[in-house]
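Note sheet for the following structure.
Number of protein chains: 2
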Amino acid sequence: MSLNVMSKDSGVPNPSNELFLRVGEVRSAAKKLSLTTNEQRREALLSMADALASSSSKIVEANLRDLKQAEVDGLNESLLARLKLDEAKLAGAIEGVRKVALLPDPIGLCQLKRELADGLILERITVPLGLLGIIFEARPDAVIQIASLAIRSGNGALLKGGSEASYTNKEIMNSLHQGLSLTKVDSNSLCLLTSREESMAMLRLDSLVDLIIPRGSNELVRFIQDNTRIPVLGHADGVCHLYIDQDADIEQGVLIAIDSKTQYPAACNAIETLLIHESVAAEFLNKAIPGFKKCGVTLRGDDRSTTYGVLNMASEEDWSTEYLDLILSIKIVSDLKEALEHIHLYGSRHTDAIVTNNKEVAEMFLRSVDSAGVYHNCSTRFADGFRYGFGAEVGISTQTLPPRGPVGLEGLVTYKYFLKGEGHIADEFASGVKTFIHQDLF
Amino acid sequence: MSLNVMSKDSGVPNPSNELFLRVGEVRSAAKKLSLTTNEQRREALLSMADALASSSSKIVEANLRDLKQAEVDGLNESLLARLKLDEAKLAGAIEGVRKVALLPDPIGLCQLKRELADGLILERITVPLGLLGIIFEARPDAVIQIASLAIRSGNGALLKGGSEASYTNKEIMNSLHQGLSLTKVDSNSLCLLTSREESMAMLRLDSLVDLIIPRGSNELVRFIQDNTRIPVLGHADGVCHLYIDQDADIEQGVLIAIDSKTQYPAACNAIETLLIHESVAAEFLNKAIPGFKKCGVTLRGDDRSTTYGVLNMASEEDWSTEYLDLILSIKIVSDLKEALEHIHLYGSRHTDAIVTNNKEVAEMFLRSVDSAGVYHNCSTRFADGFRYGFGAEVGISTQTLPPRGPVGLEGLVTYKYFLKGEGHIADEFASGVKTFIHQDLF
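Protein chains in written order, with the working numbering: chain A, 91 to 532; chain B, 91 to 532.
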């Protein structure tokens, strides 16, 4: 799906009656799904996994068809790699579904229980959001992952994948529907949207869709934010920083810098800029440059860092660029304050780290940097739902409002307030006949 | 502020350089505020309260000036009542600030502490959102309430009140600034926007403002949702329902119905529609109609309810109308299912209640109705932050995503993930040298 050419004026189509009715059916199915038990949703996931496993050859065949077309269309290598779904990758995705089945139930949790007055009990209990709209690019295994997270958390899902994966996505959805049809979960809870018009029109269905999750470029996310009233689980660029303080363990700093940049450079939690305190810049770069060279990293530095052996000059644009590649910008700063100001100005509030053995400096850095993840003496690459122990993630949110950072099942639920009385009316409290006690019951 | 005439094409102005710089300063002040201690923020609130108290005659005078102008402009009685801020009302608002000072600190709370691996500790800790943008109508005491909630939760705030209260709002803001100037909280943390252009341009400042809170009409909320990328704490109409089940205690049902409609009909948590099971409709209406009559409530019924003495016919439009007045629509339903379908179709997901002594029916109702508040045998009028024991509220959210329902201090904070290691890098885990343990530490 190419959205680069769309401007704010390009106009999002109004939903057709057909789409409105179809999404209404998905919402009804999601409503029923929200009333199922933990065990029923677990069984649904296991049945989805079984159905995928028994259709695996069909799915791989469909994927070969997509791949062939993609080659004809001249897709680049990295897109082809993301598009590819062979037996091994599919088996991994199916294993993922079984793991999500085992995760603890995120719904029905009591977050608050309070006696407002004698016999008037307030409870806040987690419930599914309702219906999720997910727009993602290329990777067909995302359909499997997202569908399993949606069903596990009691939510219906409308999914729109990239057109380059259309055969694969359809075959996967057929399997998922077949799997669900053997369970208590209505198979209409999952619906694949197949045209760009439909996915754009979905943005207008604010009476039916509760959350939009775009997984794709920054442009895609901004386009969606500009064109819908529905809350968006936003993920802007990941411009992550690592700051090497004057009290850093230099060896440790070099290892963390290389890991944060090279362990998987295409990830949003890889660093794009290294900030180094001037008093350790010579020593640090002396050790780090050979390491980066060995990993094939191109360095782009400010004036001062080029005097310590960084070959290329960074331009103003570099400081706000998410390379997603083996390129790293380097800036030498006079103190913590300058490092914080740089991060504040150019960062994307994703994940930023400091290496230092000075506890006070570390504490000031962690408190001051306003990012979803603030790290001390470790790699930024840990910013990930699996590594945090969430079992799975729908993505990483760089918005300030919760859910923030890696979002797992917990981010796909909301809550309702249940109030149970014995004929309580407000007038008795307004007139002073009764009084509130507000006593927490746990 | 009149927004009724604005359409989607009306165009939100781009922020002026002056506004951009000014809001940047507020954001910087908010940043410093976010690093203050609980005690410093408490003292700031008490100083704000003292300053308001010592300026109270000035504030009341400014309000008289606004009231005089409003009379010249021909504002209606209910707006004049909301605009009026006399000594007594002001004293109540000041008392409110002191109460907010006493509320427990919503920031710095540890929500999760987990050892990801030996020596690698993840913590999730609540932090302020950053900068709030609040657009509200008429009531000048709202400035006081919102400013105190913002400072207590460590957030800066841009406030835009109705132009009819401009003298009062300015005088209040002067006092608040004066109060803050004696404390560790930067008085720039609070900023009054004075023109409609500025408040509209604020919607474009998504790099500086973290949350927009509109307190006003449904049209205002929708206009804002359509014109900003910034998350909006939305409050649509409050079309609340009360369902009288066949197993209801009729006396109790009548009292709850009358309270829910008449205790304060202009509130969003008052009911607009009463649904009655057919088997008790005659008995219920026989007892309820005289009660409603005594309170001056006009009833509008469906076909069947008019046969039981309801005088006026309801039109299709009535079912989705928030009267905010002594008007109530009544529909007789055949069963719980029909009641649920009606609420699903016409409700606004605010607060809906059932009266019944049948526990199974109550449970089905509470689970099925997808509203922020679901009530059993009590009045819908309890849907309120003070009554829930939150101490204060910025409003009631009818969006599905948290914060949902009455929003207090807890809804004005987010969280950050703190990760502290000893040189941990991701590659050691990817290569299997180290493994995750994911052990919760509390």
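Here a beta-carbon is modelled for each residue, glycine too, at the ideal position from N, C-alpha and C.
A quick note: this is a predicted structure, and the numbers were derived from the prediction, not measured.
Own chain partners of residue 346 of chain B with C-beta closer than 8 angstroms, once the 5 adjacent residues on each side are dropped: 332, 443, 445, 467, 468 and 469
Cα-Cα separation, residue 499 of chain A to residue 488 of chain A: 17 angstroms
C-beta contact flag for residue 510 of chain B and residue 211 of chain B at 8 angstroms: yes
Candidates B:528, B:196, B:427 and B:401: closest to residue 418 of chain B by CA position: B:401
Member of B:172, B:380 and B:269 whose CA lies at the smallest distance from the CA of residue 139 of chain B: B:269
Interface residues of chain D facing residue 105 of chain B [CB-CB closer than 7 angstroms]: Looking for chain D here will not work: the only protein chains present are A and B.
Alpha carbon of residue 455 of chain B to alpha carbon of residue 250 of chain B, nearest angstrom: 40 angstroms
Where the alpha helix (DSSP H) through residue 396 of chain A begins and ends: Counting along the chain, residue 396 of chain A sits inside the alpha helix (DSSP H) bounded by residues 393-396.
DSSP-derived helix/strand/coil call for residue 110 of chain B: If DSSP states are grouped into helix, strand and coil, residue 110 of chain B belongs with the helices.
Residue 135 of chain A and residue 279 of chain A closer than 8 angstroms at C-beta: no
Residue of B:286, B:299, B:297 and B:300 minimising C-alpha distance to residue 310 of chain B: B:286
Simplified DSSP state of residue 246 of chain B, which is helix, strand or coil: strand
Cα-Cα separation between residue 472 of chain B and residue 342 of chain B, rounded to whole angstroms: A straight line joining the alpha-carbon of residue 472 of chain B with that of residue 342 of chain B spans about 16 angstroms.
Residue from A:322, A:167 and A:191 with nearest C-alpha to residue 128 of chain A: A:191
Beta-bridge partners of residue 218 of chain A, as assigned by DSSP: A:503
Check whether residue 199 of chain B and residue 215 of chain B have beta carbons under 8 angstroms apart: yes
Residue 102 of chain A: first and last residue of the uninterrupted beta strand (DSSP E) it sits in: No beta strand (DSSP E) holds residue 102 of chain A; DSSP gives it neither H nor E.
Simplified DSSP state of residue 408 of chain B, which is helix, strand or coil: helix
Closer than 7 angstroms at the beta carbon, the chain A residues around residue 517 of chain B: 349 and 353
Same chain, Cβ closer than 7 angstroms to residue 422 of chain A, neighbours up to 5 away in sequence not counted: 366, 368, 371, 392, 394 and 395
Close-in-space but distant-in-sequence residues of the same chain around residue 429 of chain A (CB under 6 angstroms, 5 per side omitted): Contacts found: 333, 365 and 423.
Distance between residue 361 of chain B and residue 399 of chain B (C-alpha atoms, nearest Å): 20 angstroms
The segment 284-298 of chain A touching the segment 179-187 of chain A, judged by at least three CB pairs closer than 8 angstroms: Result no; under three Cβ-Cβ pairs closer than 8 angstroms.
Supposed contact pair residue 283 of chain A and residue 263 of chain A - C-beta distance, whole angstroms, cut 8 angstroms: About 10 angstroms separates the two Cβ atoms, so there is no contact after all.
Segment contact flag, the segment 146-165 of chain B with the segment 250-260 of chain B, C-beta cutoff 8 angstroms, min 3 pairs: A contact exists between the segment 146-165 of chain B and the segment 250-260 of chain B.
Interface flag, residue 382 of chain B vs chain A, CB-CB below 8 angstroms: no
Alpha-carbon spacing of residue 465 of chain B relative to residue 206 of chain A, whole angstroms: When rounded, the distance between both Cα atoms is 13 angstroms.
Residue 414 of chain B to residue 506 of chain A span [Cα, whole Å]: The alpha-carbon atoms of residue 414 of chain B and residue 506 of chain A are separated by roughly 24 angstroms.
Supposed contact pair residue 204 of chain B and residue 517 of chain B - C-beta distance, whole angstroms, cut 8 angstroms: Contact flag wrong, Cβ pair sits at about 21 angstroms.
Endpoints, the beta strand (DSSP E) within which residue 362 of chain B is located: 361-367
Cβ pair residue 335 of chain A, residue 484 of chain A closer than 8 angstroms: The Cβ-Cβ distance between residue 335 of chain A and residue 484 of chain A does not fall below 8 angstroms.
Segments assigned beta strand (DSSP E), at least 3 residues, entirely inside the segment 450-514 of chain A: Within the segment 450-514 of chain A, the complete beta strand (DSSP E) segments at least 3 residues long are 463-468, 485-487, 495-497 and 503-514, listed from N- to C-terminus.
Whether residue 246 of chain B touches residue 132 of chain B by CB criterion (8 angstroms): no
Any C-beta of chain B under 8 angstroms from that of residue 266 of chain A: Answer no: the Cβ-Cβ gap between residue 266 of chain A and chain B never drops below 8 angstroms.
Beta-carbon spacing of residue 220 of chain B, residue 300 of chain B below 8 angstroms: yes
Residue 94 of chain B classed as buried or exposed, judged by whether at least 16 other C-beta atoms fall within 10 angstroms: At residue 94 of chain B, the pLDDT of 32 sits below 50, so the modelled position is not reliable; the number obtained from the coordinates is stated separately. By the 10 Å Cβ count, residue 94 of chain B comes out exposed.
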